[in-house]
Amino acid sequence: SARHSVILREIQAKETGVTADSLKESVNKIRTEVREGEDGAKKAEEQLKHAREKVLELEKKIAESSVAISDAVQKLVSQAKEHIANAQKALQEKQYGKAFGQATSAEVVARNGVRL
27 SARHSVILRE IQAKETGVTA DSLKESVNKI RTEVREGEDG AKKAEEQLKH AREKVLELEK
87 KIAESSVAIS DAVQKLVSQA KEHIANAQKA LQEKQYGKAF GQATSAEVVA RNGVRL
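The opening residue of the sequence shown carries number 27 in the numbering used here; numbering runs sequentially from there.
Structure (structure tokens):
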């Protein structure tokens, strides 16, 4: 479900109209499953791990790049780190659905940065 959520969020960012609405419903359904599931903490922690890995990948690519990094990419790194911090805070507060959502957002933002 974590992987599905990330993929749906990526597609949703590119789509508009009915497709975007449908994808939003699917993402919300997955979040609800995580929130209500017994292993919500485990899924949120796993998603947070994936997000951290993707942010590290992005930072590595930036460090290896010989061209100037655009402000947009720098902003994406900042946003991803902010989402990770929010996810960590939500985990501490045992808000597993929120933690999962923030971690998913962090991974999506970092993936977009890697593409750029």
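C-beta: ideal position from N, C-alpha, C; glycine also.
Query raised in the report: Which residues in the same chain have their Cβ closer than 7 Å to the Cβ of Lys87, if we skip the five residues on either side of it in sequence?
Result: Cβ within range, chain order: Val140.
Can the beta-carbon of Ile110 be found closer than 8 Å to that of Val134? no
| said: Let me check understanding here. Comparing Cα to Cα, which of Glu72, Glu51, Ala77, Glu59 lies closest to Gly123? | reply: That would be Glu59, whose Cα lies nearest to the Cα of Gly123.
Check your understanding: Are Ala136 and Gln128 closer than 8 Å when you measure CB to CB?
Key -> no
(message) Our contact map puts Ala77 next to Ala125 with C-beta atoms below 8 Å; I'd like the distance itself, whole angstroms only.
(response) Actually they are not in contact, since the Cβ atoms of Ala77 and Ala125 sit about 10 Å apart, beyond 8 Å.
message: Please report the straight-line C-alpha distance between Lys40 and Glu119, rounded to a whole angstrom.
response: A straight-line Cα-Cα distance of about 32 Å links Lys40 and Glu119.
Margin query: If you reduce the DSSP assignment to three classes, tell me which class Ile88 lands in.
Written below: helix
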